[in-house]
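Just below is one structure, and these are the notes that go with it.
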Amino acid sequence: MTPHTLATKTESARGLGQFFQSAGSKDVHVEVCEDRCFGESRWLDLGRIVLKPGSSEDGEDPTTTAIAFGFFEWRCADEESLHSEAFELLELKGPANEEQRAKARRALDSIAHAACRVGLIHPVLDAAALCDLPFRSPATVVVDTSAIVHGGLDFVVRFLYPMARIKVPAIAHMELLNSADNYFNMRRKGVKGGQRNWSGRALFEHALSQGGQRALLRLELQTDTEIERGRLGADPLRGVVEMGADPEDKKLGLSILQRSFADRLIFETARQHAAQCMQNHAVLVMTCDQGLARMTIAEGMQPLYFESGGYDSISGRVLTGTSFNPFTGRVYGVSLSSLLWELAVTFGMSRLRALSGDVFEVGAIGSSMPWKPYHAREDLLWSRLVCSAAAADVTASPGPPIRGAESQEPDIPKVGATARGERQGKAGGSRAAPEPGVAQPASRGYSGSYRFNPTRMLNLLAQLSQQGHLAIPEALAALDLASASQLDDYRNFLASGGFLVQRTSELRKTEWLDELWNAIAVVDTQGIAAQLLRVPSFERFISFIKAGTNAAIPGRALSTYIVLAEISCLGMNIPGERVFPTPANPKPLEFRDIALSAYRSLSLGAEDYVLTGLWLEALVRGFGIHPIVARQRLQESVLEDLLERYTEGSTPETRYRAHALHVLRLVGGKPVIEKVALFEGDLLLPGKSSVSIRLVRKDE
Amino acid sequence: MSRRVSVFEPSQQASLPGDGSQHLHLYEEIYSWAPEEDVWLSICESADQRRLNSLLVEAFSPDRAPSERGIAALPGALSALRETILSPGKTDWADCRESVQNDEDQRTNYRANSMIALYNHLSWVHEVFKNVPGASITIR
């Protein structure tokens, strides 16, 4: 049996991609298993998953993209068949089990709650409350346990943050913890057999506690949501939990909460917070408990009430991974991995099963699945891929077969190449790449643009420079790619610049690749620029941005070319404007006048500090000076007593969050591409925050 | 072509100039939403497009009186929409204008079946507002 291995949602996309490649995108069912309530390897069918990948453009793998961005349909099972199948699995068919069946129905409502938590559906809000959303001024939402478990909290984080701040009362954590204790007590003592069958209640406690705790962990670890934490001593919480009155409860060690007391503590948390806030700061209690909502109104505060939808709200429906934002109308996506992860935590295990027998499993709780805090921090779950043809787990898989590897052609045809024969060593003059007798890639005509991950490209360049040639599987391993089709853009980009020649089953470097890698290895931006300009599409991109347009490169490959331009100091993207060319490299004296001119255009006076990011962008926009060049010239101007520079660190302005620059740096002697936020004060002076800057001419 | 969905509720009654016997009923917009994608692009057949346009846009046109386009009339249109999206081959997924940045710093266009997404959203709107007295809806 293939063992489960720990994987993040992102890492699982590879295994899921292999699953769909093997199983096809039709007739795939999503199922869940609770090992103690249903029994080992007994699965409940929740309906069909239909993947909707697009066409393969720019070398990206459409299946992986579809998994990552939610291009799928979930055709939910009918409620009647779901209940019937679940009661069978829970062994609750007899008339004596009505109480446990009721619990099981509530547990199965958790499927809809999980869908709501990941964002496939929205909570049905009170009409009056929805009219006031989204918030136009800062407000605090205090959530009760029902809001956490039924998806209200995730709705607020997804659509109402940052205007909405979140407060999670301690009692909500406690209620979930109590539920978790109850579940694990039942799990240890057995939920089936003996005098009574507890499987309905155990399933309910499992789904409630694990689903709720996951929502809270997500809030803490995976979002940048601002959470208010109140100081509430332990005393008010002491009497809220008591042993259940039922003798069986006592036998199993199950506790219950005094509901009205718990609700009151939620409300008191909200009122305490309201007392500390400005008068016009709204504090709302989010709940789907009618009693708590009524009490909140009666006490003069606002509830953010929503109806808790049961499984009937999604029964027989088609839910899609991409939906519309209920306020802005923009499309947003929920990855297939997110759905599988949520269901796995809620029920213990989830899986995709194809009719072919292929299975992709995700597990959270099981006898062979230990848990550690780092699993929660990194959102790691146990997953495995079992293909009917050849069993393979996610991490051990050698990857799909290499397309074209068996071809008898001496050279691999270039994907997307045209017959224009566009370039012949423009930047490199007449210098020919070595390897006599091998077809020169530059002569084939590479007029396309290429989309790839520049960081992965560095790994490929390092390996090629070191080894001289790489077999296709080695190149895929260097790039950490699963699909051979994803290699095309890397290969074609390098071939179009004459950095490599292609054989049937290997890539072989040329002398120019060594020159490119040598420049990268010492962060010689001029050397990198000279080498990259050998690539026709990159050269075209630079000439177009000099003419004031990005039009040389289609939108989907544009980000690749922007990164290359930025790390080679040939250009910089200013969000909301365009990519500006940065060819200038003035002498210190000339730079002093330019720097002061740009500073004065922004400052209100000689004593004024201006945002460093604005100053750097002014140099890019008005004078074509790249921020890395500006940093070097500024340092020289200070050393030569031409300029005095004063800087201040302060809270960065969040409106410029997207203004960032890709720079090449050496980390532990290894070149890496980093994204540096221009307005966070990290670029100009190492180790010192310089969010704002003031410049003074030294001889003034 | 994107659409705008608005939900109204009766706001107040104002007297028209004169002897005060005639009243003007005013309505207040309580929810407004416009998808940023062309929702009709997902429908494969133009006949279906015309039929759904008639059921959704013409039936809930602002030209009509609020009583004719009450929120209670929405389930009928939703039912037709549901029938279309559940029928094989009647709708399909298409690339959206909206794009997203992936882990590799690249931008990828979203894909959606905007008819299913619209159906799910309108169902949610109906669930939220279905019991609001006098609520009406326009789709334009």
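First to last, the sequence lines map onto chains A and B.
Sequential numbering from -10 applies to the first sequence in this note's numbering.
Sequential numbering from 639 applies to the second sequence in this note's numbering.
Ideal Cβ positions, reconstructed from N, Cα and C, are used throughout, including at glycine.
No experiment lies behind these values; they were computed from the predicted model shown.
**Study point:** CB contact flag (W762(B), H139(A), <8 Å)
**Key:** Numbered from 1 along the second sequence, position 124 holds the residue referred to as residue 762(B). Numbered from 1 along the first sequence, position 150 holds the residue referred to as residue 139(A). No; because the gap between Cβ atoms is not below 8 Å, this pair is not in contact.
Review point. Using a Cβ-Cβ cut-off of 7 Å (strictly less than) and excluding sequence neighbours within five positions of S304(A), which residues of its own chain qualify?
Key: What you label residue 304(A) is simply residue 315 of the first sequence in a count that begins at 1. The residues are C65, D67 and E68.
Check your understanding: I think A467(A) touches N448(A), with their Cβ atoms under 8 Å apart; what is that distance to the nearest whole Å?
Key -> Residue mapping note: residue 467(A) aligns to position 478 of the first sequence, counting from 1. Residue mapping note: residue 448(A) aligns to position 459 of the first sequence, counting from 1. Their Cβ separation, rounded to whole angstroms, is 5 Å, which keeps A467(A) and N448(A) in contact under 8 Å.
Practice item. Under 7 Å between beta-carbons, which chain A residues line up against E675(B)? List them in chain order, please. Key: Start at 1 with the first residue of the second sequence, and residue 675(B) comes out as number 37. Under the 7 Å cutoff, chain A gives V320.
Check your understanding: For G352(A), which residues does DSSP report across the bridge?
Key -> On the first sequence, position 363 is the one that residue 352(A) refers to. Per DSSP, M338(A) and W371(A).
**Study point:** Closest by C-alpha distance to L700(A), when choosing among E555(A), D170(A), H651(A) and S679(A)
**Key:** Chain A is shown only over -10 to 689; residue 700(A) falls outside these bounds and no answer can be derived.
Practice item. Please classify H663(B): is it buried, with 16 or more other beta-carbons within 10 angstroms of its beta-carbon, or exposed? Key: Locating residue 663(B) in the second sequence gives position 25, counting from the first residue. The residue is exposed, with fewer than 16 neighbouring Cβ atoms inside 10 Å.
Review point. Hey, out of F646(B), S649(B), R749(B) and I775(B), whose CA is closest to F60(A)'s CA?
Key: Locating residue 60(A) in the first sequence gives position 71, counting from the first residue. The residue with the shortest Cα to Cα distance from F60(A) is R749(B).
Review point. With burial defined as no fewer than 16 other Cβ atoms inside 10 Å of the residue's Cβ, what is the status of Y300(A): buried or exposed?
Key: Within the first sequence, numbered from 1, the residue matching residue 300(A) stands at position 311. By the 10 Å Cβ count, Y300(A) comes out buried.
Practice item. Find the nearest neighbour of V665(A) within the set G658(A), V490(A), V652(A) and A343(A), judged by alpha-carbon distance. Key: Along the first sequence, one-based indexing puts residue 665(A) at 676. Considering only alpha carbons, the answer is V652(A).
Exercise for review: Starting from N562(A), trace the beta strand (DSSP E) both ways and give me its first and last residue.
Suggested key: Numbered from 1 along the first sequence, position 573 holds the residue referred to as residue 562(A). Looking at the DSSP string, the run of the beta strand (DSSP E) that includes N562(A) is G560 to N562.
**Study point:** DSSP-derived helix/strand/coil call for I110(A)
**Key:** Along the first sequence, one-based indexing puts residue 110(A) at 121. Coil, per DSSP.
**Study point:** Beta bridge counterpart(s) of V645(B) as assigned by DSSP
**Key:** Residue mapping note: residue 645(B) aligns to position 7 of the second sequence, counting from 1. For V645(B), which the question treats as bridged, DSSP gives the partners Y669(B) and I775(B).
Practice item. Verify the CB distance criterion: does Y748(B) have a CB-CB separation below 8 Å to chain A? Key: Within the second sequence, numbered from 1, the residue matching residue 748(B) stands at position 110. With 8 Å as the cut-off, Y748(B) counts as an interface residue toward chain A.
Review point. Got a sec, what are the start and stop residues for the alpha helix (DSSP H) Y363(A) sits in?
Key: Position 374 of the first sequence, counted from the first residue, corresponds to residue 363(A). Element bounds for Y363(A): P362 to R366.
Exercise for review: Work out the CA separation of R735(B) and Y311(A) for me, nearest whole Å.
Suggested key: Numbered from 1 along the first sequence, position 322 holds the residue referred to as residue 311(A). Numbered from 1 along the second sequence, position 97 holds the residue referred to as residue 735(B). Note that residue 311(A) is Thr in the sequence shown, not Tyr. If you take the alpha carbons of T311(A) and R735(B), they lie about 13 Å apart.
Review point. Residues in the region 724 to 737 of chain B with C-beta within 8 Å of chain A's C-beta atoms, listed in sequence order?
Key: L724, W731, D733, C734, E736 and S737
Review point. When burial is assigned at 16 or more other CB atoms within 10 Å of the CB, is T(-1)(A) buried or exposed?
Key: Numbered from its first residue, the first sequence carries residue -1(A) at position 10. It counts as exposed.
Practice item. Compute the Euclidean distance between the alpha carbons of L756(B) and C105(A), then round it to the nearest angstrom. Key: Within the second sequence, numbered from 1, the residue matching residue 756(B) stands at position 118. Within the first sequence, numbered from 1, the residue matching residue 105(A) stands at position 116. In a straight line, the C-alpha of L756(B) is about 17 Å away from that of C105(A).
Exercise for review: Please name the residue, chosen from T601(A), K361(A), K535(A) and R340(A), that lies closest to G36(A) on a Cα-to-Cα basis.
Suggested key: On the first sequence, residue 36(A) is found 47 positions in, with the first residue counted as 1. Here the closest residue by C-alpha is R340(A).
Review point. Which word fits E23(A), buried or exposed, when buried means at least 16 other C-beta atoms lie within 10 angstroms of its C-beta?
Key: As a first step, residue 23(A) is located in the first sequence; it is residue number 34 there, counting from the start. That one is buried.
Exercise for review: Report the residue from S526(A), F668(A) and R622(A) whose alpha carbon sits nearest the alpha carbon of R646(A).
Suggested key: Here residue 646(A) is taken as the residue at index 657 of the first sequence, counted from 1. Out of S526(A), F668(A) and R622(A), F668(A) has the C-alpha closest to the C-alpha of R646(A).
**Study point:** Minimum C-alpha distance to G537(A) - residue among I556(A), A584(A) and G611(A)
**Key:** Within the first sequence, numbered from 1, the residue matching residue 537(A) stands at position 548. For the residues I556(A), A584(A) and G611(A), the minimum Cα distance to G537(A) belongs to G611(A).
Check your understanding: Does any CB atom of chain B fall closer than 8 Å to the CB of S548(A)?
Key -> If you number the first sequence from 1, residue 548(A) lands on position 559. So yes, S548(A) belongs to the interface.
Review point. Cβ of W762(B) less than 8 Å from any chain A Cβ?
Key: As a first step, residue 762(B) is located in the second sequence; it is residue number 124 there, counting from the start. At least one chain A Cβ lies under 8 Å of W762(B).
Check your understanding: Does any CB atom of chain A fall closer than 8 Å to the CB of E721(B)?
Key -> Here the question's residue 721(B) lines up with position 83 in the second sequence. Answer no: the Cβ-Cβ gap between E721(B) and chain A never drops below 8 Å.
Check your understanding: Using the C-alpha atoms, what's the distance from S188(A) back to G141(A)?
Key -> Within the first sequence, numbered from 1, the residue matching residue 141(A) stands at position 152. Within the first sequence, numbered from 1, the residue matching residue 188(A) stands at position 199. The straight-line gap from Cα to Cα measures roughly 27 Å.
Review point. Using a Cβ-Cβ cut-off of 7 Å (strictly less than) and excluding sequence neighbours within five positions of R94(A), which residues of its own chain qualify?
Key: Start at 1 with the first residue of the first sequence, and residue 94(A) comes out as number 105. Same-chain partners within the cutoff: H72.
Point to revise | I556(A), DSSP secondary structure in three states | key: Position 567 of the first sequence, counted from the first residue, corresponds to residue 556(A). Looking at I556(A) - three-state DSSP - the assignment turns out to be helix.
Point to revise | Contact with chain B by V665(A), beta-carbon distance below 8 Å | key: Within the first sequence, the letter at position 676 stands for residue 665(A). Cβ-Cβ to chain B under 8 Å: no for V665(A).
Point to revise | Option in S297(A), I531(A) and K41(A) with minimal Cα separation from V695(A) | key: Nothing can be reported for residue 695(A): it is not among the residues displayed for chain A, which extend from -10 to 689.
**Study point:** Three-way DSSP call (helix, strand, coil) for Q491(A) in this model
**Key:** Along the first sequence, one-based indexing puts residue 491(A) at 502. Strand at Q491(A).
Point to revise | Spatially closest choice to G200(A) from L273(A), A101(A) and R634(A), by CA coordinates | key: If you number the first sequence from 1, residue 200(A) lands on position 211. Answer by Cα proximity: A101(A).
Review point. Going along chain A in order, which residues have a C-beta closer than 8 Å to the C-beta of I775(B)?
Key: One-based indexing of the second sequence puts residue 775(B) at position 137. Under the 8 Å cutoff, chain A gives no residues; its nearest Cβ is about 12 Å from I775(B).
Exercise for review: Measure from the alpha carbon of S99(A) to the alpha carbon of each residue in S11(A), F58(A), R373(A) and R203(A), then state which is nearest.
Suggested key: Residue mapping note: residue 99(A) aligns to position 110 of the first sequence, counting from 1. Comparing Cα positions, the closest option is R203(A).
**Study point:** Alpha-carbon to alpha-carbon, S737(B) and Y550(A)
**Key:** On the first sequence, position 561 is the one that residue 550(A) refers to. On the second sequence, position 99 is the one that residue 737(B) refers to. If I take the Cα positions, the gap works out to 17 Å.
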